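Single-structure report; data block below.
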Amino acid sequence: MKIDIISVVPELMESFFSHSILKRAKEKGLLEVNLFNLRDYTNYKHGQVDDYQFGGGAGLVMMAEPLVNAIEALQKNTTYDDVIFLTPDGENFNQKIANQLSLKNNLLLICGHYKGIDQRVRDHFITKEISIGDYVLSGGELGAAVMVDAIGRLLPGVLNDETSALMDSYQDNLLAPPVYTRPEDFRGWKVPDILLSGNHAKIEAWRHEASLKRTQERRPDILNED
Ligand code: ADE
Numbered sequence: 003m004k005i006d007i008i009s010v011v012p013e014l015m016e017s018f019f020s021h022s023i024l025k026r027a028k029e030k031g032l033l034e035v036n037l038f039n040l041r042d043y044t045n046y047k048h049g050q051v052d053d054y055q056f057g058g059g060a061g062l063v064m065m066a067e068p069l070v071n072a073i074e075a076l077q078k079n080t081t082y083d084d085v086i087f088l089t090p091d092g093e094n095f096n097q098k099i100a101n102q103l104s105l106k107n108n109l110l111l112i113c114g115h116y117k118g119i120d121q122r123v124r125d126h127f128i129t130k131e132i133s134i135g136d137y138v139l140s141g142g143e144l145g146a147a148v149m150v151d152a153i154g155r156l157l158p159g160v161l162n163d164e165t166s167a168l169m170d171s172y173q174d175n176l177l178a179p180p181v182y183t184r185p186e187d188f189r190g191w192k193v194p195d196i197l198l199s200g201n202h203a204k205i206e207a208w209r210h211e212a213s214l215k216r217t218q219e220r221r222p223d224i225l226n227e228d
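Here you go:
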């Protein structure tokens, strides 16, 4: 899978993508992430990519031309399944969307800044608009990093234990159960006996119950989602 990202501050994401699980995904050739600096695609002086908004009001807007230059230049080499704009007024990102996107071959992510991007780019080039939560960030970069992480770890072969992504919270509309590791007794706080029993059927049943209980207590809203 390939994910291309257009940003005015690609440096913000560089370190993130060269560490973490994504480093391994890249080394194994399972995921390619390319960062593109929007300023490389502007014909305006001094690398200008934003301007005042028509109609007045505080805040700069990212201009259509540099964005379209960048998108069209990248589209010459790649056919994207989706061109995604990161924005607080987009659809809320969740595990289901991560699952769906992990099945695509090529994605282009556009990080906005300032007051947003010229609406005409959204109307004519963007196929999906995604928010990572109901709060406003100063740019889409953190959102892009969140998306690439959530998508990247789902690609077959990225995680060592292939089943572990399936056991994550939010898969099957359930939060993950509690987990324990050594020692069995820490300060008198004991690991539940069942987990030490070696009875896999009983352990699975216990985990399912614990997941259900946790979800009912914390996120009853996700239990009956599609
Ligand atoms: N850019 C600014 N705020 C954002 C958010 N909540 N999600 C995605 N991109 C954003």
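Counting with the numbering used here, you get residues 3 to 228 for the letters of the sequence shown. Don't be surprised by glycine CBs; every beta carbon is placed ideally from N, CA and C. Given the structure is predicted, the values throughout are model-derived calculations rather than measurements.
Cut-off 7 Å between Cβ atoms - residues of its own chain near residue i, not counting five sequence neighbours on either side
{"i": "L177", "result": "S171, S213, R216, T217, R220, R221"}
{"i": "A152", "result": "A100"}
{"i": "E143", "result": "S9, V11, L14, M15, C113"}
{"i": "K130", "result": "D84, I86"}
{"i": "V138", "result": "P90"}
{"i": "Y43", "result": "P68, N71, A72, A75"}
{"i": "A27", "result": "L33, G154, L157, V160"}
{"i": "T81", "result": "N108"}
Own chain partners of residue i with C-beta closer than 6 Å, once the 5 adjacent residues on each side are dropped
{"i": "I112", "result": "I8, F87"}
{"i": "L2", "result": "Coverage of the chain is limited to positions 3 through 228, which leaves residue 2 absent and any answer about it impossible."}
{"i": "I23", "result": "R155"}
{"i": "I134", "result": "F95, G145, V148"}
{"i": "K106", "result": "D83"}
{"i": "P179", "result": "R209, A212, S213"}
{"i": "L103", "result": "I153"}
{"i": "E206", "result": "none"}
{"i": "V193", "result": "Y182, E186"}
{"i": "G61", "result": "Y116, K117"}
{"i": "G141", "result": "C113, H115"}
Whole-Å CB distance - residue i paired with residue j, under 8 Å assumed
{"i": "K117", "j": "Q55", "result": "6 Å"}
{"i": "D230", "j": "M65", "result": "A question about residue 230 goes unanswered here, because the residues of the chain that appear run from 3 up to 228."}
Exposure label - residue i; buried when at least 16 CB within 10 Å
{"i": "A75", "result": "exposed"}
{"i": "T89", "result": "buried"}
{"i": "F127", "result": "buried"}
{"i": "L225", "result": "exposed"}
{"i": "V181", "result": "exposed"}
{"i": "Y58", "result": "Note that residue 58 is Gly in the sequence shown, not Tyr. G58 is exposed by the Cβ-count criterion."}
{"i": "L109", "result": "buried"}
{"i": "F188", "result": "exposed"}
Limits of the beta strand (DSSP E) - the one that residue i falls within
{"i": "D91", "result": "84-94"}
{"i": "I224", "result": "Here I224 belongs to no beta strand (DSSP E), and DSSP marks it neither H nor E."}
{"i": "F254", "result": "Residue 254 lies beyond the residue range present for the chain, which begins at 3 and ends at 228; the question has no answer from this structure."}
Neighbourhood of residue i by C-beta distance below 8 Å, restricted to the same chain and skipping five residues each side
{"i": "F38", "result": "D6, I7, I8, S9, P12, A72, L76"}
{"i": "R124", "result": "F87, E131"}
Residue interval of the alpha helix (DSSP H) (run including residue i)
{"i": "M65", "result": "M65 -> no alpha helix (DSSP H), and no H or E assigned at all."}
{"i": "S22", "result": "22-29"}
Alpha helix (DSSP H) segments (min. 4 residues) lying fully within the stretch 155-210: Contiguous alpha helix (DSSP H) elements confined to the stretch 155-210 do not occur, taking only those with 4 or more residues.
At which residue ranges does the stretch 111-144 contain complete alpha helix (DSSP H) runs of 4 or more residues, listed in the order of the chain? Note on the stretch 111-144: whole alpha helix (DSSP H) runs with a minimum of 4 residues are 121-126, in chain order.
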